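Scroll down for the structure; my scribbles are underneath it.
Residue numbers (this note's numbering): 30 to 327.
If you want it as structure tokens, here you go:
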């Protein structure tokens, strides 16, 4: 994807075209939204916040016009700006100025947590709202009993799931933008940054406290804590992945073990819990005190 990164960095017009066209394409292929966000991140990381904001605004206008003339709908451009481009622009500034990927990851997670808190503050009953939405989305021919049980369970956690998914997409876009910047201007730099991902003790303790509250029975506070916990766990999944990547990179079969790690994380969701536990343990026990020297892992 180096060619796309090089094209984006040719100028404002190229960056605007890439971001807006990829945004439109993502309506059919949702994962492309990560690449669109990465376009904004790359410009912001390399050229600063004002340049990133200029490209963001022009891309939003362009995608809105294309959506209106092609699809008859321009509202998605506003959704893109609010949900994807503005948050990634913000954390890209944090990374550019602070030069610490760990801090940018924490800010992204905090944004997700604030989203959950806002939803529970302004929605009278988030669970009931999600229940109605899920009922409308359920297939008409699905078994009634199974569907009802699934909806009852999912509706309690949908706010956290949506927020966590948004944070994951945000961070993947940031990582892709940072990787693009590295391959163009600092080869190998992103790998070093990612493998050094860590978190502060306070963040880990806060996560454990929120999880503890989630297991209590104090009404809406417990419900909100459950949803916030989902977002906080995402943070520790990324930390755990960086630690395991570092460990496996030090092994003789790193060429195979590192890809297998990420394949398992994608294909077997239960693996994510184990990875998150590694991230939590690192925050408490500083697992990195035994330094590993990665080999040629990619």
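Yeah, the Cβ is synthetic: ideal placement off N, Cα and C, and Gly gets one too. Keep in mind that this is a model prediction, so the values were computed, not measured.
Have a look at residue 212 and residue 225 and give me their C-alpha separation to the nearest angstrom.
-> Counting from 1 along the chain shown, the entry for residue 212 is found at position 183. Counting from 1 along the chain shown, the entry for residue 225 is found at position 196. If you take the alpha carbons of residue 212 and residue 225, they lie about 18 Å apart.
State the DSSP-derived secondary structure class of residue 175, mapped to helix, strand or coil.
-> Taking the first residue of the chain shown as 1, we reach residue 175 at position 146. Three-state result, residue 175: helix.
Leaving out the 5 sequence neighbours to the left and right, which residues in its chain are closer than 8 Å to residue 267 when beta-carbon positions are compared?
-> Locating residue 267 in the chain shown gives position 238, where the first residue counts as 1. Closer than 8 Å at Cβ, skipping near neighbours: 134, 200, 226, 308.
To the nearest angstrom, how far is it from the Cα of residue 325 to the Cα of residue 275?
-> Translated into the one-based positions of the chain shown, residue 325 becomes position 296. Translated into the one-based positions of the chain shown, residue 275 becomes position 246. In this prediction, residue 325 has a pLDDT of 45, which is less than 50 and means its spatial position is unreliable; nothing more can be read from the coordinates.
Between the CA atoms of residue 138 and residue 261 - distance to the nearest angstrom | Taking the chain shown and counting its residues from 1, one reaches residue 261 at position 232. Taking the chain shown and counting its residues from 1, one reaches residue 138 at position 109. Looking at the two C-alpha atoms, the distance is approximately 7 Å.
For residue 124 and residue 323, the rounded distance between their alpha carbons | As a first step, residue 323 must be located in the chain shown, where it is residue number 294. As a first step, residue 124 must be located in the chain shown, where it is residue number 95. In this predicted model, residue 323 has a pLDDT of only 45, less than 50, meaning its place in the structure is not dependable; the value taken from the coordinates is given anyway. One C-alpha to the other measures close to 24 Å.
Just how far apart, CA to CA, sit residue 82 and residue 310?
-> Position 53 of the chain shown, counted from the start, is the residue given in the question as residue 82. Position 281 of the chain shown, counted from the start, is the residue given in the question as residue 310. So the two alpha carbons sit approximately 38 Å from each other.
Whose C-alpha, out of 248, 147, 70, is nearest the C-alpha of residue 118?
-> For the purposes of this step, residue 118 is taken as the residue at position 89 of the chain shown. Residue 118 has its Cα closest to that of 70, out of 248, 147, 70.
Where do the N-terminal and C-terminal ends of the alpha helix (DSSP H) with residue 116 fall, by residue?
-> Against the chain shown, residue 116 aligns to sequence position 87. Looking at the DSSP string, the run of the alpha helix (DSSP H) that includes residue 116 is 115–127.
Could you pull out every residue in the same chain whose Cβ sits closer than 7 Å to the Cβ of residue 208, ignoring the five residues on either side in sequence?
-> For this step, residue 208 is matched to residue 179 along the chain shown. So the list reads 219, once near-sequence residues are dropped.
Complete runs of the alpha helix (DSSP H) confined to the region 173–227 [at least 4 residues] | 173–214, 218–224
Along the chain, where does the alpha helix (DSSP H) that runs through residue 292 open and close?
-> What you label residue 292 is simply residue 263 of the chain shown in a count that begins at 1. Unbroken alpha helix (DSSP H) run through residue 292: 283–296.
How many angstroms separate the CA atom of residue 304 from the CA atom of residue 273?
-> Within the chain shown, the letter at position 275 stands for residue 304. Within the chain shown, the letter at position 244 stands for residue 273. If you take the alpha carbons of residue 304 and residue 273, they lie about 8 Å apart.
Cβ of residue 121 within 8 Å of Cβ of residue 73?
-> Numbered from 1 along the chain shown, position 92 holds the residue referred to as residue 121. Numbered from 1 along the chain shown, position 44 holds the residue referred to as residue 73. In contact: residue 121 and residue 73 (Cβ atoms closer than 8 Å).
To the nearest angstrom, report how far apart residue 231 and residue 237 are at their CA atoms.
-> Stepping through the chain shown from its first residue, residue 231 is reached at position 202. Stepping through the chain shown from its first residue, residue 237 is reached at position 208. Computed Cα separation, rounded: 10 Å.
In this structure, does DSSP put residue 151 in helix, strand or coil?
-> The residue given as residue 151 occupies position 122 in the chain shown. Helix at residue 151.
Counting Cβ pairs, one atom from each stretch, are 3 or more of them under 8 Å apart for the region 281–292 and the region 245–255?
-> no
Simplified DSSP assignment, three categories, for residue 245 | Mapped onto the chain shown, residue 245 falls at position 216. Of the three classes helix, strand and coil, the one that applies to residue 245 here is coil, per DSSP.
With a Cβ-Cβ cutoff of 8 Å, do residue 41 and residue 84 count as a contact?
-> As a position in the chain shown, residue 41 is number 12, starting the count at 1. As a position in the chain shown, residue 84 is number 55, starting the count at 1. In contact: residue 41 and residue 84 (Cβ atoms closer than 8 Å).
Nearest-angstrom Cα separation, counted from residue 294 out to residue 255 | For this step, residue 255 is matched to residue 226 along the chain shown. For this step, residue 294 is matched to residue 265 along the chain shown. Rounded to whole angstroms, residue 255 to residue 294 spans 22 Å at the Cα level.
Roughly how many angstroms lie between the CA atoms of residue 32 and residue 45, to the nearest whole one?
-> Position 3 of the chain shown holds residue 32. Position 16 of the chain shown holds residue 45. Computed Cα separation, rounded: 16 Å.
Are the Cβ atoms of residue 335 and residue 240 separated by less than 8 Å?
-> Nothing can be reported for residue 335, as the shown portion of the chain is limited to 30 through 327.
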